[in-house]
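The next block holds one structure in the form of structure tokens; read it before the comments.
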Amino acid sequence: MCHEHVNADQGQDEQSVLVLLPGEWHFEKRFGPNTVSRGAVLFECEWDGGRFEAGLFISGMFRSGQFVGGIFLGGIFWGGTWLSGTWEGGFDRRGIYHSRGDIPPAI
Amino acid sequence: MSRLLIASPHRYPDLARLWHRFVTRELVPAFERLHLEVDVNIFCDANADQFQPNLFPGVRFSCAGPGARDFMEFYDATLLAPSDFLFFLDADTFLLDGDWACSYLESFNDRGVAAVSFVPRKTNPAIFALLCRTEIYRALPAPALACRYEFPEIWPHGVNLQPGDFAARELNKDGKRIINIAGDESSRRIANFRGTTGVRSSREHTTQAAGEQAFLQSVAHYPAYLVAAYDNVLLGGLYESLYHEPFAPDPAGVPLGGSLTLADLRQALAQVRGTKQFESLRERFRQSAYNIQRMATLEGVALSIPSVMPNS
């Protein structure tokens, strides 16, 4: 894990972004809006507002944020935006299973 | 003549070869003696190009595609295939006594019996080895067999229905029964391993997405992987003695490198803390060793079981 200071938007205050890196494995943790995954494994974690760029999201709750890349497996895609990545299987917010290659239904 | 379809999703051809060996030795002939027309279907959930049909005589293969994009959809898609009875048998579940399994066929003379569950999950019926009357399952609301997550709004405290659990509940509402073979009887007739495919696919996914180190960390934190990795060591021992090929190799061909090598397993076990967890693992390993020895005995093979526990 590392913290980067970035200007998220022109005119906004600088803010700290938590970057999750390849080789990291997290269990039962919650990650908020200022988080970016660039290759970590999140096992039974809650994702709420950040940007998932790469890594493995497994058996957790994707509450909000952007899924941009990486693998989604066995979790619940409650909300947020699916932009791209590999859907290996998981549930929508009604608890209905969607098979490999599917994409989460639009919220 | 009634038709029986034995169906199983597989991801790895080496495990499928062991599965096929026991199915064709025990199950197929036993059911054919009861004058059933038996069809065996292996669904290649992944790695379809690695399955060589000539190594699986008598098997009909199907691959992931529209209508059955993965093993989960395969269960429900299979209900539509021609059959009167359907036997779902997990990739790492080995029936050692076909006549015993067949003896339960007469249970279906009772029209209220929908299925026989030969391997329970805890104490409940499960899909691991489930002989179904197909028409009863076809009548259930689709998808009948897929898993579901109920009450997702209270995650992680919702209910994660496993494949077949929803169907079991619906059948119960309709007054239909699943005969649930208890664990004691089941374990005398069946060698059941768990998660042996899961740990291998997890290694594939984790390594691809986050690197090998992340997978090794996950093993240290997740005891189910240790059990599954141990089971793969045992299955690998039997496989190699039968076929003289590595089991669960990694892309470089290292035996068990696609699961956990013996050295990595020993190292992971050395990091386990807590007497209770050790005792639990020890008991589970003992059961697995007993299972593999029974399979080896049927094959006429002498197996030595490697020690993996620290100070054992």
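Going line by line, the protein sequences match chains A and B. Numbering follows the numbering used here, in which position 83 of the first sequence is assigned residue number 1567; successive positions increment by one, without gaps. Numbering follows the numbering used here, in which position 191 of the second sequence is assigned residue number 177; successive positions increment by one, without gaps. The C-beta atom is built at its ideal place from N, Cα and C for all residues, glycine as well.
Item	Value
Please report whether the beta-carbon of E156/B lies at a distance below 8 Å from any beta-carbon of chain A.	no
To the nearest angstrom, report how far apart A256/B and R(-3)/B are at their CA atoms.	30 Å
With distances taken from CA atoms, which of A206/B, F271/B, A215/B and R259/B is nearest G244/B?	A215/B
Secondary structure at C30/B, three-state DSSP: helix, strand or coil?	strand
Quick one: is S293/B buried, meaning 16 or more other Cβ sit within 10 Å of its Cβ, or exposed?	exposed
So, A101/B versus L117/B, is the Cβ gap smaller than 8 Å?	yes
Measure the beta-carbon distance from G1574/A to F1561/A and round it to whole angstroms, keeping in mind my assumption that it falls under 8 Å.	6 Å
By DSSP, does V294/B sit in helix, in strand, or in coil?	coil
Answer with yes or no whether the minimum CB distance from P142/B to chain A is below 8 Å.	yes
The beta strand (DSSP E) with C133/B in it runs from where to where?	From DSSP, C133/B is part of no beta strand (DSSP E); its letter is neither H nor E.
Nearest CA to the CA of R(-11)/B: which residue from Y229/B, F71/B and A112/B?	F71/B
Starting from the C-beta of D1493/A, find all residues in its chain whose C-beta is less than 8 Å away, skip the five residues before and the five after it, and write them out in chain order.	Residue placement at D1493/A cannot be trusted, given a pLDDT of 44 that sits under 50; the coordinates are not used to answer.
At a CB distance below 7 Å, what residues from the segment 1497 to 1528 of chain A approach chain B? Give them in sequence order.	P1506, G1507, E1508, W1509, F1511, G1523, A1524, V1525, F1527 and E1528
For H21/B, which residues from the same chain have a beta carbon less than 7 Å from its beta carbon, with the 5 sequence-adjacent residues on both sides left out?	M(-13)
Just to confirm the assignment, what range does the alpha helix (DSSP H) spanning N277/B have?	T261 to E285
Going along chain B in order, which residues have a C-beta closer than 7 Å to the C-beta of I1560/A?	Y135, P138 and W141
On the three-state DSSP scale, how would you describe E1508/A?	coil
I need the straight-line Cα distance from T64/B to P235/B, nearest angstrom please.	30 Å
For my contact list, R259/B and M295/B are in at a C-beta cut-off of 8 Å; report their separation, rounded to the angstrom.	14 Å between Cβ atoms; not a contact.
For I1587/A, which residues of its own chain have a beta-carbon under 7 Å away from its beta-carbon, when the five flanking residues on both sides are left out?	W1566 and W1571
So with CB distances below 8 Å, who are the chain A contacts of R55/B?	S1583, R1584, G1585 and D1586
If A130/B sits next to A112/B, beta carbons under 8 Å apart, how far is it from one beta carbon to the other, in whole angstroms?	Their Cβ separation, rounded to whole angstroms, is 15 Å, which puts A130/B and A112/B out of contact at 8 Å.
Mind checking whether W1531/A and G1544/A have CB atoms under 8 Å apart?	yes
Can you name, in chain order, every residue of its own chain whose Cβ lies under 6 Å from the Cβ of N277/B, other than the five neighbours on each side?	A177
Look at the alpha carbon of L212/B and the alpha carbon of R97/B, and state the distance between them as a whole number of angstroms.	43 Å
Can a CB atom of chain B be found closer than 8 Å to the CB of G1533/A?	no
With DSSP as the reference, identify every bridge partner of P(-5)/B, one or two as the case may be.	F29/B
If distances are taken between C-alpha atoms only, which option among Q263/B, T182/B, A206/B and R11/B comes closest to A77/B?	T182/B
Compute the distance between the beta-carbons of A87/B and L4/B, then report whether it is under 8 Å.	no
Taking only beta-carbon positions, decide if Q36/B is within less than 8 Å of chain A.	no
Tell me G51/B's beta-bridge partners as DSSP assigns them.	A54/B
Roughly how many angstroms separate the alpha carbons of S69/B and T192/B, rounded to a whole number?	38 Å
Where do the ends of the alpha helix (DSSP H) carrying R19/B lie?	V14 to R19
For F137/B, count neighbouring C-beta atoms within 10 Å of its own C-beta (all shown protein chains included) and say buried if the count is 16 or more, exposed if not.	exposed
Could you have a look at V1525/A and say whether DSSP puts it in helix, strand or coil?	strand
With 16 as the cutoff for other CB atoms within 10 Å, does I1555/A come out buried or exposed?	buried
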